[in-house]
Amino acid sequence: MKTITVNLTPAPSERSYPIHIGSGILSQPQFISRHLTQQRVAIVSNATVAPLYMGRLRASLGAQGVTSVPIILPDGEEYKNWQTLNCIFDALLTNRCERSTAVLALGGGVVGDLTGFAAASYLRGVPFIQIPTTLLAQVDSSVGGKTGINHPLGKNMIGAFYQPRAVLADIETLNTLPDRELHAGIAEIIKYGLIRDPVFLEWIEANMQGLLARDAVILVEAIERSCANKAEVVAADERESGMRALLNLGHTFGHAIENAMGYGVWLHGEAVAAGTMLAANLSHRMGMISRTDVKRIRDLFVQAKLPVIAPNLGAETYLRLMGLDKKVEAGKLRFVLLKRIGEAEVRGDVPSSLLIKTLAECTANA
Ligand code: NAD
Ligand code: GLY
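For the sequence shown, the residue numbers in the numbering used here are 102 to 467.
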């Protein structure tokens, strides 16, 4: 069992919280019950994850005298919207959940983002605990308090910063994760190496086969090092007024891909991988990283069985969708680019001709 703390400022802050990473945590209810002020919780999950893990979680909580209200959502990125959010509110109200009823998110990033936003706004805020069951959610989305839903016009456009009381990453749940979802999670692990941790990047390169084979020791180390990176960034810039934006490497392009292709067609991690390749190519054209660096990044995504060529949506579609990116300032696009492997910066000075040329030369018809 490994534990990392997300230290929120001003320190010591009662909002600081642990991320527990290990095997079998779902059956260890003390990691949840110590954060409860009421012996009743609501557990939000989806139609895929609930049959696998809801029973185990409810039974282990029940053994500690904690009763639970299960709330089961439809599965899919296309359901990360107002209607599904409202289903959570309906269930919380129907079951008379109170201000001290903790809401637990059991699932991947979609369940986590939806549930966190519901917890942030139900009765103006109720305690929230993340129990991520995908690799992507265990290394990224369950940590840091970004919650929200998609809008037809743009990805993750409505939401709130709302931190969980604890994150419980049980790697046993990854045994049932489809390969494609496992690969998508590796995209966000690679991101940390690229933006701020070159030693971790070398470790990922050396341990990719173990990650793909779901070796437990390697998975725990990858999750731990990813969460340690994310915890440091969130501690330094909780509400993204500066360096947290670096966590969005590849996301400006990636969110446009997810929206244009139809939510759920490209997985988030796949869109991030292809988007990162666009960002890497753009960085090279801006005189930042070398051609060799671009190839190194490409090779790593290929090893992780992730797409490295973004779809050709046409420059106009990319520009329209990226115009809604949350990093846009005074109408100007800003991109996370790589100064070198292991160091990123936000740049608002990308000439539009260079951007359009990159989009034309580095994308392909699907
Ligand atoms: P997801 O939540 O859609 O889960 C992927 C699929 O795996 C789903 O079909 C799900 O039902 C299934 N699944 C989940 N756990 C399983 C398990 N243990 N066994 C079998 N199947 C399982 O996708 P995701 O990749 O976890 O998350 C992507 C979402 O996270 C996107 O909406 C993205 O915007 C968001 N995100 C948020 C943040 C943040 O900081 N809040 C960061 C990154 C991504
Ligand atoms: N995944 C980006 C962030 O949490 O800021």
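C-beta atoms are modelled at their ideal positions from N, C-alpha and C, and glycine is treated no differently.
Quick caveat: nothing in here was measured; it's all calculated off a predicted structure.
Where R397 is concerned, there is no enclosing beta strand (DSSP E), although the alpha helix (DSSP H) around it starts and stops at R392 to Q404.
When the five nearest sequence neighbours on each side are left out, no beta carbon in the same chain lies closer than 6 angstroms to the beta carbon of Q129. Rounded to whole angstroms, the Cβ separation of A375 and I410 is 6 angstroms, and the two are in contact under 8 angstroms. A direct Cα-to-Cα measurement between G363 and N349 gives close to 20 angstroms.
By DSSP's assignment, R448 forms a beta bridge with F436. Taking K256 as reference, the option from T353, A317, N308 and G217 with the minimal CA-CA separation is T353. At least one heavy atom of the ligand NAD falls within 8 angstroms of the beta-carbon of G286.
In its chain, beyond the 5 residues on either side, I122, G123, S124, Q239, A317, L320, V321 and I324 have a beta carbon closer than 8 angstroms to the beta carbon of I272.
Taking 8 angstroms as the cut-off, the C-beta of D214 counts as close to a heavy atom of the ligand NAD.
Within the model, the alpha-carbon separation for P152 versus S161 is close to 15 angstroms. For M309, the secondary structure class from DSSP, reduced to helix, strand or coil, is helix. L237 and S454 have their alpha carbons spaced roughly 34 angstroms apart.
The continuous stretches of beta strand (DSSP E) do not include R281, which lies in the alpha helix (DSSP H) extending over residues D280 to R297. With a cutoff of 9 angstroms on beta-carbon distance, G443 and G260 are scored as not near each other. If you draw a straight line from the Cα of G156 to the Cα of V142, it comes to about 14 angstroms.
About 6 angstroms separates the beta carbons of I173 and A148, which is inside the 8 angstroms limit, making them a contact pair.
Closer than 8 angstroms to some heavy atom of the ligand NAD: that describes the Cβ of L368. The continuous beta strand (DSSP E) containing K103 extends over residues K103 to V107.
DSSP, read as helix, strand or coil, puts T248 in strand.
CA-CA distance, T248 to I290, rounds to 20 angstroms.
By the beta-carbon neighbour count (other beta carbons within 10 angstroms, threshold 16), A288 is buried. Put simply, the backbone Cα of T138 is about 8 angstroms away from that of T202.
Fully enclosed alpha helix (DSSP H) runs of no fewer than 4 residues occupy 156-163, 183-195 and 210-222 of the stretch 140-227, in order along the chain. Cβ atoms of P119 and A267 come within 8 angstroms of each other, at about 5 angstroms. Excluding five sequence positions before and after Q131, the CB atoms of its chain that fall closer than 8 angstroms to its own CB belong to Q165, given in chain order.
In this structure, the beta-carbon distance from I250 to W183 falls below 9 angstroms. Counting along the chain, A461 sits inside no beta strand (DSSP E); it lies in the alpha helix (DSSP H) bounded by residues S453 to E462. Less than 9 angstroms divides the Cβ of S134 from the Cβ of V167.
A distance of 9 angstroms or more separates the beta carbons of A372 and L312.
Within its own chain, the residues whose Cβ lies closer than 6 angstroms to the Cβ of D298, once the five positions on either side in sequence are excluded, are N330, listed in chain order. In terms of Cβ geometry, G226 and R197 do not form a close pair [threshold 9 angstroms]. If only uninterrupted beta strand (DSSP E) runs of at least 3 residues are considered, none is enclosed by the stretch 310-384. M258: not part of any alpha helix (DSSP H); member of the beta strand (DSSP E) spanning G255 to F262, first to last residue. Checking the DSSP bridge columns, you'll see F229 partnered with V204. Looking at A465, G217, C188 and L186, the one whose alpha-carbon comes closest to that of L414 is A465.
Relative to the non-hydrogen atoms of the ligand GLY, the Cβ of G245 comes within a distance shorter than 8 angstroms of at least one.
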